[in-house]
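S.K.: Protein sequence lines correspond, in order, to chains U and Y. Residue numbering for the first sequence follows the working numbering, starting at 1374 and increasing by one per position. Residue numbering for the second sequence follows the working numbering, starting at 1374 and increasing by one per position. Beta carbons are placed, not taken as given, at the ideal position from N, Cα and C, and that holds for glycine. My questions all concern the structure below.
Protein chains: 2
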Amino acid sequence: MRLLVVEDEARLANALRRGLQAEGFAVDLASDGEQGLRLAREGGYDAVVLDVMLPGLSGYRVCERLRAEDNWVPVLMLSAKDGEYDQADGLDVGADDYLTKPFSFVVLVARLRALLRRAAPPRPAVLSAGDLTLDPASRQVRRGADPVPLTAREYAVLELLLRRAGQVVSKTDILRHVWDAHDDGDPNVVEVYVGYLRRKIDTPYGRRAVQTVRGAGYRLAADGG
Amino acid sequence: MRLLVVEDEARLANALRRGLQAEGFAVDLASDGEQGLRLAREGGYDAVVLDVMLPGLSGYRVCERLRAEDNWVPVLMLSAKDGEYDQADGLDVGADDYLTKPFSFVVLVARLRALLRRAAPPRPAVLSAGDLTLDPASRQVRRGADPVPLTAREYAVLELLLRRAGQVVSKTDILRHVWDAHDDGDPNVVEVYVGYLRRKIDTPYGRRAVQTVRGAGYRLAADGG
DNA sequence: AGGCATGCTGTGAGGACGCTGAGAGTCACA
DNA sequence: TGTGACTCTCAGCGTCCTCACAGCATGCCT
């Protein structure tokens, strides 16, 4: 997660950088409005922490211009003012959140995380192993560039195996997750569906992604076979 | 914009309802955590204003459960506590913003608007997939240059599919968004309307924009078929 | 090698799923 | 009151999926 911190007071700016880096963010600094605007325009930031009182271009203006240019990077404003109307103003020029100085670092981080969580739509990541990919959103499976049509059951089995790529998954585990059979399912169904899967994602490509571990279960090769 | 306000103190609850209605929101009230959770689960709200101190289920728990159920409706928490750690806690259970009592109504509304603006990502004026376009402003749908007349329901279904172009949308999801049936709608209506849509935007053009994903739902091809 | 356990696969029945035409109910409007 | 547009239910049909079964192949042990 890359952050841009626009803050003219050097001591605070450096404290923020160190603190945020310790929290695992990559941090760039800008010390005035012009520079902040320039960097923010170049994009690539997941969020911007923007002081209101800046030499040259104020934080309000920076935010306003970004929004006018259709740049919707999440912005968290910082200000010494704390009148309620100032806050409302900040939010009205398009900031996503607002903190008044002095603020607590803990709160800053919590609010930043909330902002980032909201900005990144909860789109589940694409699962992959080598050139085998599965996109839960579109429910599409591919071997390289080839789309591979799977039935609902086949898809469910593959998804489970991919989520545990490299690990052995027992048949009863698969039964529980895909068939929600509690204990008394016939493991042969699993064998049948593993067979179907292999015929679609392995055999035509001369690969061996789905491996049998005799007596234990199946393992999806982490490199896709 | 529909809001759910979960607040047990009747005077405050009614004041909020009146004030927010005056700002143009449609407001539902819940007076305890259980009821709030139930209503929020049913969906259909654009945001939830959630008091922390509630009889029965606390606001923290309500929010936590919603998130655990993958319900990402924007939540603004209200609390009398104002320790910084309480705030961080609130944000950590998945709230999107946090106000401490006593709060200013002006700030509440400004923050709500910021929340809603964030939740509704800046929409491109026109939704499109390949040469299939839908302009929400004029409610005009076109295949290439041809205008395609759609009924209200057909339009609503297509809009939903276009907003999630490339992703699989389940029938129950469509039922919830277009019919606001909560759980018990008959999925056949969806099948019927998908049929109507196809006869208007696909069949006459020999295209296949609306794809069936057996056992999962429908997907609008990102390239318009 | 022999015997047993484990895993694989072809076949086919039954059923779930999705699509469609017919028609009833509702509403707005002339 | 009649007409037309729209919405939705229902039942029938075809397709595809799922799964049980049985025979076969393979691996492992004595």
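Under a Cβ-count criterion, where at least 16 other Cβ atoms within 10 Å of its own Cβ denotes burial, should residue 1577 of chain Y be classed as buried or exposed?
M.R.: Its Cβ having fewer than 16 others within 10 Å, residue 1577 of chain Y is exposed.
S.K.: Check the Cβ-Cβ distances between residue 1511 of chain U and every residue of chain Y, and say whether any is below 8 Å.
M.R.: True, the Cβ-Cβ gap to chain Y drops below 8 Å.
S.K.: In terms of alpha-carbon separation, which member of Y/1468, Y/1529, Y/1500 and Y/1526 lies closest to residue 1515 of chain Y?
M.R.: Among Y/1468, Y/1529, Y/1500 and Y/1526, the Cα nearest to that of residue 1515 of chain Y belongs to Y/1500.
S.K.: Could you give the DSSP three-state label for residue 1515 of chain U: helix, strand or coil?
M.R.: In this structure, residue 1515 of chain U counts as strand in the three-state DSSP scheme.
S.K.: Where do the N-terminal and C-terminal ends of the alpha helix (DSSP H) with residue 1393 of chain U fall, by residue?
M.R.: From DSSP, the alpha helix (DSSP H) with residue 1393 of chain U extends over 1383-1395.
S.K.: For a contact defined as C-beta to C-beta under 7 Å, what are the partners of residue 1525 of chain U on chain Y?
M.R.: 1587, 1588 and 1589, listed in chain order.
S.K.: With a cut-off of 8 Å on the beta carbons, I'd call residue 1423 of chain Y and residue 1432 of chain Y a contact; round off their distance for me.
M.R.: Yes, they are in contact, since the Cβ atoms of residue 1423 of chain Y and residue 1432 of chain Y sit about 5 Å apart, within 8 Å.
S.K.: Taking DSSP as the reference, what is the three-state secondary structure of residue 1486 of chain Y?
M.R.: In this structure, residue 1486 of chain Y counts as helix in the three-state DSSP scheme.
S.K.: Of the choices Y/1391, Y/1474 and Y/1442, whose alpha-carbon is the least far from that of residue 1410 of chain Y?
M.R.: Cα-wise, what sits closest to residue 1410 of chain Y is Y/1442.
S.K.: Taking only beta-carbon positions, decide if residue 1487 of chain U is within less than 8 Å of chain Y.
M.R.: Residue 1487 of chain U counts as touching chain Y.
S.K.: Report yes if the C-beta distance between residue 1400 of chain Y and residue 1394 of chain Y is below 8 Å; otherwise report no.
M.R.: Cβ atoms of residue 1400 of chain Y and residue 1394 of chain Y: closer than 8 Å.
S.K.: Could you check whether the Cβ of residue 1584 of chain Y sits closer than 8 Å to any Cβ belonging to chain U?
M.R.: False, the Cβ-Cβ gap to chain U never drops below 8 Å.
S.K.: Any idea what DSSP makes of residue 1568 of chain Y, helix, strand or coil?
M.R.: If DSSP states are grouped into helix, strand and coil, residue 1568 of chain Y belongs with the helices.
S.K.: DSSP three-state call for residue 1536 of chain Y: helix, strand or coil?
M.R.: In this structure, residue 1536 of chain Y counts as helix in the three-state DSSP scheme.
S.K.: Residues in its own chain within less than 7 Å of residue 1328 of chain U by CB, not counting five upstream and five downstream?
M.R.: Since the displayed chain U opens at 1374 and closes at 1598, residue 1328 of chain U lies outside it and no answer follows.
S.K.: So what does DSSP say about residue 1451 of chain Y, is it helix, strand or coil?
M.R.: In this structure, residue 1451 of chain Y counts as strand in the three-state DSSP scheme.
S.K.: Please confirm whether residue 1539 of chain Y has its beta-carbon closer than 8 Å to some beta-carbon of chain U.
M.R.: Interface residue, yes.
S.K.: What are the boundary residues of the alpha helix (DSSP H) that includes residue 1441 of chain U?
M.R.: Here the alpha helix (DSSP H) through residue 1441 of chain U covers 1432-1441.
S.K.: Using a Cβ-Cβ distance under 8 Å, would residue 1424 of chain U count as near chain Y?
M.R.: It does not: the Cβ of residue 1424 of chain U has no partner Cβ on chain Y nearer than 8 Å.
S.K.: Counting C-beta neighbours from all protein chains within 10 Å, is the total for residue 1380 of chain U 16 or more, i.e. buried, or is it exposed?
M.R.: Residue 1380 of chain U comes out buried.
S.K.: What first and last residue would you give for the alpha helix (DSSP H) that runs through residue 1593 of chain U?
M.R.: Per DSSP, residue 1593 of chain U belongs to no alpha helix (DSSP H); it is in the beta strand (DSSP E), 1590-1593.
S.K.: Whose C-beta lies closer than 8 Å to the C-beta of residue 1480 of chain U among residues of the same chain, with five residues either side of it excluded?
M.R.: So the qualifying residues of the chain are 1472.
S.K.: How many Å lie between residue 1540 of chain U and residue 1570 of chain U at the Cα?
M.R.: Cα-Cα distance, rounded: 18 Å.
S.K.: Identify the continuous alpha helix (DSSP H) that holds residue 1340 of chain U and give its terminal residues.
M.R.: Nothing can be reported for residue 1340 of chain U: it is not among the residues displayed for chain U, which extend from 1374 to 1598.
S.K.: So, is the C-beta of residue 1572 of chain Y closer than 8 Å to a C-beta in chain U?
M.R.: No, no contact with chain U.
S.K.: For residue 1519 of chain U, would you say it is in contact with chain Y, using Cβ-to-Cβ distances shorter than 8 Å as the test?
M.R.: Answer no: the Cβ-Cβ gap between residue 1519 of chain U and chain Y never drops below 8 Å.
S.K.: Considering Cα atoms alone, identify which of Y/1448, Y/1404 and Y/1529 is closest to residue 1486 of chain Y.
M.R.: The shortest C-alpha separation from residue 1486 of chain Y is found at Y/1448.
S.K.: Would you report the Cα separation of residue 1544 of chain U and residue 1511 of chain Y, rounded to the nearest angstrom?
M.R.: Using only the alpha carbons, I get a separation of about 54 Å.
S.K.: Going by DSSP, what residue range makes up the alpha helix (DSSP H) through residue 1413 of chain Y?
M.R.: Here the alpha helix (DSSP H) through residue 1413 of chain Y covers 1406-1415.
S.K.: Could you check if residue 1461 of chain U is buried or exposed, using at least 16 other CB atoms within 10 Å of its CB as the buried criterion?
M.R.: Legend: pLDDT at residue 1461 of chain U = 49, less than 50; position of this residue unreliable, value from coordinates given subsequently. Result: buried.
S.K.: Put residue 1587 of chain U into one of helix, strand or coil per three-state DSSP.
M.R.: Residue 1587 of chain U falls in the coil class under three-state DSSP.
S.K.: Quick check on residue 1471 of chain U: does DSSP put it in helix, strand or coil?
M.R.: Three-state DSSP puts residue 1471 of chain U in a strand.
S.K.: Name the one or two DSSP bridge partners that residue 1501 of chain U has.
M.R.: Answer is U/1506.
S.K.: Return the chain-ordered list of same chain residues with a C-beta closer than 6 Å to the C-beta of residue 1389 of chain Y, the five sequence neighbours on each side being excluded.
M.R.: Hits under 6 Å: 1378.
S.K.: At a CB-CB cut-off below 9 Å, which residues of chain Y make contact with residue 1419 of chain U?
M.R.: Correct list: empty, because the minimum Cβ distance to chain Y is about 14 Å.
S.K.: Does any CB atom of chain Y fall closer than 8 Å to the CB of residue 1469 of chain U?
M.R.: Judged by the 8 Å Cβ criterion, residue 1469 of chain U is in contact with chain Y.
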